[in-house]
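Numbering (this note's numbering), first residue to last: 1 to 378.
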């Protein structure tokens, strides 16, 4: 019987329970625990807490009925501990991290991906994760992570990854024993799927046996600066004020999409000055999260048109630059629609160019290498 508002429930993967006070969506309920806190929890992690019904006393009419055989006692199911012990147990390390693991090592862009919450502190941590949707956050994980442990937060399919382009992390460290208080952590993390295709993106680490793409949320050993936190890939994720969030995540109109992408391209061009002898090859990542900093509400056909416009612009720039000899377009695997559209564009608009699959070692299966040939019709 499906759970509903008003049901008393217990947590499968944690201690305690409460009452369902609301439904966030078809798979997540808001549970109010014994302390009065509302906790978003997946329905698959809840079990109905049915009250014990004592046997009724026998009446005169039933006193002579034969006593039925007692039902065999069934032991309650043992709940598996969702916490995975870290390999840093006993080490004086203190950090909170997100770890992303891929299930397809032949193509790291294919997915699906497992997102782990890693608590490398000697204290327990209560952590919530939420995905930004315009000006609101949708919580997709909330729970306690034991000291020196990790928990699987969510498994994401490749076509759902754009929904998690900007993730809010909130963490509160606590301990039953006397300890020095730690300030709460609240930070926004930007996740770029295009980085998964880089060689060595998923590396062996000191936390879990599986290779991970690691993102640091908070490191006690490093100097902590309140406005920002440093990610392990060198990208800054700001802790935003309400005013900054409103300005950052305000819904972009269609006419602003090109301006947003162009401003990002100009900013990235200023980061690195590449010597002329290395300008023979250009790489463009056509994933939406690589073209636009923050999620935008777009229909699938609008996203495809937007990605193709960037591919055509990159091709025109490569043809106009006399030094560029090769262009690599990272489109991923997915359902193949973007790749097929890129190849159709090459056949119709750039028949003088040749192309082939790009290096699997460097880009996995989801990239096309274009050889730039300049001549008539280009």
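Just so you know, even glycine gets a beta-carbon here, dropped at the ideal spot from N, CA and C.
Beta-carbon proximity list for residue i, same chain, < 8 Å, skipping 5 on both sides
i           : result
residue 304 : 337, 338 and 341
residue 191 : 100, 161, 164, 165, 166, 167, 215 and 289
residue 311 : 284, 286, 329, 342 and 345
residue 123 : 147, 173, 174, 175, 179 and 182
residue 89  : 148
residue 103 : 111, 112, 113 and 114
residue 280 : 323, 324, 325 and 326
Same chain, Cβ closer than 7 Å to residue i, five either side skipped, listed in chain order
i           : result
residue 138 : 130 and 131
residue 198 : none
residue 308 : 341 and 345
residue 47  : 9, 10 and 12
residue 34  : 16 and 18
residue 24  : 30 and 40
residue 32  : 18, 19, 21 and 38
residue 2   : none
residue 157 : 111 and 112
Spatial neighbours of residue i in its chain, beta-carbon cut-off 6 Å, leaving aside the 5 residues before and after
i           : result
residue 284 : 314 and 329
residue 162 : 288 and 289
residue 117 : 127, 145, 151 and 153
residue 49  : 8, 9, 10 and 17
residue 359 : none
residue 282 : 318, 324 and 327
residue 170 : 128 and 186
residue 193 : 161, 287 and 289
residue 370 : 327, 353 and 355
residue 246 : Because the pLDDT at residue 246 is just 45, under 50, the model does not fix this residue reliably, and the value given afterwards should be weighed accordingly. The answer is none, since no qualifying residue turns up.
residue 45  : 12 and 13
Strand pairing of residue i, partner residues [DSSP]
i           : result
residue 367 : 330
residue 8   : 19
residue 30  : 22 and 40
residue 355 : 370
residue 132 : 137
residue 349 : In the DSSP output, where bridge partners are listed per residue, residue 349 has none listed.
residue 285 : 330
residue 114 : 101 and 155
residue 290 : None; residue 290 has no bridge partner.
residue 125 : 145 and 173
residue 119 : 96 and 149
residue 341 : Paired residue(s): none; residue 341 is not in a bridge.
residue 85  : 149
residue 48  : 9
Among the options, nearest to residue i - alpha-carbon criterion
i           : options               : result
residue 361 : 107, 114 and 87       : 107
residue 19  : 103, 37 and 202       : 37
residue 188 : 8, 11 and 136         : 136
residue 409 : 47, 12 and 87         : Nothing about residue 409 can be reported from this structure: the residues present for the chain run from 1 to 378 only.
residue 105 : 220, 202, 292 and 332 : 202
residue 111 : 32, 368, 333 and 47   : 333
residue 143 : 196, 176 and 15       : 15
residue 43  : 134, 85 and 5         : 5
residue 195 : 159, 134, 363 and 114 : 363
residue 81  : 366, 184 and 149      : 149
residue 120 : 349, 41, 158 and 205  : 205
residue 355 : 22, 326, 186 and 306  : 326
residue 357 : 351, 350 and 365      : 365
residue 92  : 220, 369 and 134      : 220
residue 140 : 125, 292 and 27       : 27
residue 159 : 109, 200, 177 and 125 : 109
residue 84  : 367, 207 and 155      : 207
residue 367 : 331, 155 and 302      : 331
(request) Count the CB pairs spanning the region 319–327 and the region 365–376 that are closer than 8 Å, and state whether there are at least three. (result) Judged by pairs of C-beta atoms under 8 Å, the region 319–327 touches the region 365–376, as three or more such pairs exist.
(message) Can you confirm whether the region 207–219 touches the region 97–115 when touching is taken to mean that 3 or more C-beta pairs between the two stretches lie within less than 8 Å?
(response) Flag = yes, the region 97–115 and the region 207–219 touch.
(request) May I have a chain-ordered list of the beta strand (DSSP E) segments no shorter than 3 residues that lie completely inside the region 142–219? (result) The qualifying runs are 149–156, 166–174, 185–190 and 213–219.
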